[in-house]
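31 is the number of the first residue of the sequence shown in my numbering; add one for each residue after it.
Ideal placement from N, C-alpha and C gives every residue a C-beta, glycine not left out.
Notes for the one structure printed next.
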Amino acid sequence: MIGDLFDSPWKILIIAVVILVLFGSKKLPAAAKSLGESMRVLKKEVSKMHDEGDEHPADPTSTAAVGPAPAPAQIAHQHQVDALQQQIEELRRQQAPAEPPQTHQVS
């Protein structure tokens, strides 16, 4: 869609004229400067995020958490799972016979 927009030099010229008419020749340099500064800040922040993501702890045996802390919803969910597993084990123990079944030996 955007590729079709720039397939002809006439389309580019028309877009340039429309932008010039809309913003005026006095505002275009300031707008371009502002856009350039914004892009510089964006690139800087993105590179900071990549640098922070690439950092590894110097001591692999450190006790610091490697990942983010689990959310309270995840903790509550894990508690529910643990409680259900405990209930299942109790039911299995109740259903298990008290003594192992005796087998009859045929001689």
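- Distance from the CA of Pro102 to the CA of Asp112, rounded to the nearest whole angstrom, comes to 15 Å.
- Excluding residues up to 5 positions away in sequence, nothing lies with its Cβ nearer than 7 Å to the Cβ of Gln125 in the same chain.
- In the structure shown, Ser38 adopts coil according to DSSP, grouped into three states.
- DSSP, read as helix, strand or coil, puts Ala101 in coil.
- By the CB criterion at 9 Å, Ala61 and Phe53 fall inside the cutoff.
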